[in-house]
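Numbering (the working numbering), first residue to last: 16 to 301.
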């Protein structure tokens, strides 16, 4: 089976590399030459455009940063829609607005092409391990059918809303404890046995040195960048407002992440918001 992989950046490169390792023939395309070079180094063939990659493949996979990137990759000149043969399947693994997924799906359906949205969770480490959680909207090892096209994006936005808020909440709690002289390792042990325990604290602890595999222990090398988490929280907040669902905590968490980005942490892991939340009149997001 031949797979077109479009978008071989921070997340896409290890995902494409794992497909190569599993014996799939992969043809890659990325608008950034260095990203395409990295995919080629991992064993993927190069394509000159998204359309060229799609034309050669049985399945098209896209992994892109934003809604606008996905629309461009699929629907613009030189995009997937110009090359993908009738009857093929397109799988978008980006985290974007559900409405964009549905719009792309409709355009592809007109060409006789199937489309599913399948955003992922787990960040770069799990992309490298090949153990990402995949939230599919459309008709594996563990499968939960979320619903029709766009439902996967909804599930991912809800997941990231919770993760983003948790990162800020955990960071705030540990900064408060630090201010009172409480050892963060002791507090971690206490919370692990209490109602405040979270998956994020167990696996992605924002305080350096608590969890060996956490980004914080590696100078916040990004599993998922602060800029992207702020973007996803914005998508979730916009979706809530469209539905007239009141949201209070998510906008505050988004603001904290945006401020962290503006203080040079945008390309660090989103748990680096802990670094931003140092006691300081200037940094305090009110």
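We put the CB at the ideal spot given by N, CA and C, even for glycine.
Whole-angstrom Cβ separation of residue i and residue j, contact assumed at under 8 Å?
i, j, result
"residue 265", "residue 252", "5 Å"
"residue 138", "residue 33", "Actually they are not in contact, since the Cβ atoms of residue 138 and residue 33 sit about 14 Å apart, beyond 8 Å."
"residue 268", "residue 162", "With a Cβ gap of about 26 Å, residue 268 and residue 162 do not count as contacting."
"residue 131", "residue 106", "5 Å"
"residue 128", "residue 111", "Actually they do not touch by this definition, with Cβ atoms about 18 Å apart."
"residue 88", "residue 65", "5 Å"
"residue 185", "residue 221", "6 Å"
"residue 120", "residue 167", "Not really, about 11 Å apart at Cβ, beyond 8 Å."
"residue 142", "residue 26", "5 Å"
"residue 262", "residue 255", "4 Å"
"residue 181", "residue 213", "5 Å"
"residue 199", "residue 225", "6 Å"
I'd like to confirm the pairing. Which residues does DSSP put opposite residue i in its beta bridges?
i, result
"residue 240", "284"
"residue 20", "43, 76"
"residue 50", "Note: residue 50 sits in no beta bridge, so no partner."
"residue 107", "77, 132"
"residue 60", "42"
So the candidates are the options; which of them puts its Cα closest to the Cα of residue i?
i, options, result
"residue 116", "38, 52, 90, 209", "90"
"residue 109", "127, 128, 135", "135"
"residue 60", "86, 23, 112, 82", "23"
"residue 241", "141, 290, 77, 225", "290"
"residue 118", "165, 174, 84", "165"
"residue 270", "140, 148, 183", "183"
"residue 281", "238, 259, 257, 71", "238"
"residue 123", "80, 169, 69", "69"
"residue 63", "80, 20, 74", "20"
"residue 104", "73, 262, 83", "73"
"residue 83", "75, 76, 71, 114", "114"
"residue 147", "125, 126, 171", "171"
"residue 149", "30, 18, 17, 292", "30"
"residue 258", "169, 226, 17", "169"
"residue 292", "205, 198, 190", "190"
"residue 36", "92, 230, 18", "18"
"residue 294", "192, 226, 201, 229", "192"
"residue 76", "225, 28, 125", "28"
"residue 78", "45, 140, 198", "45"
"residue 250", "126, 228, 174", "174"
"residue 230", "260, 203, 140, 181", "140"
"residue 16", "47, 125, 71, 67", "71"
State yes or no: is the beta carbon of residue i nearer than 7 Å to at least one beta carbon in chain B?
i, result
"residue 222", "Checking the listed chains, one finds no chain B in this structure; it contains a single protein chain."
Relative to the ligand PLP, is the shortest distance from any of its heavy atoms to the C-beta of residue i smaller than 6 Å?
i, result
"residue 36", "The ligand PLP is absent from the structure shown, which contains no ligand whatsoever."
The region 276–287 touching the region 236–249, judged by at least three CB pairs closer than 8 Å: yes
Completely contained alpha helix (DSSP H) runs for the region 137–215, where each covers 4 or more residues: 138–144, 166–194, 199–207
The region 99–106 touching the region 37–55, judged by at least three CB pairs closer than 8 Å: no
Meets three-Cβ-pair contact criterion under 8 Å: the region 268–280 and the region 200–220: no
Stretch-stretch touch, CB-based, cutoff 8 Å, three pairs: the region 50–70 with the region 217–231: no
Alpha helix (DSSP H) runs wholly inside the region 249–285, at least 4 long, in chain order: 264–275
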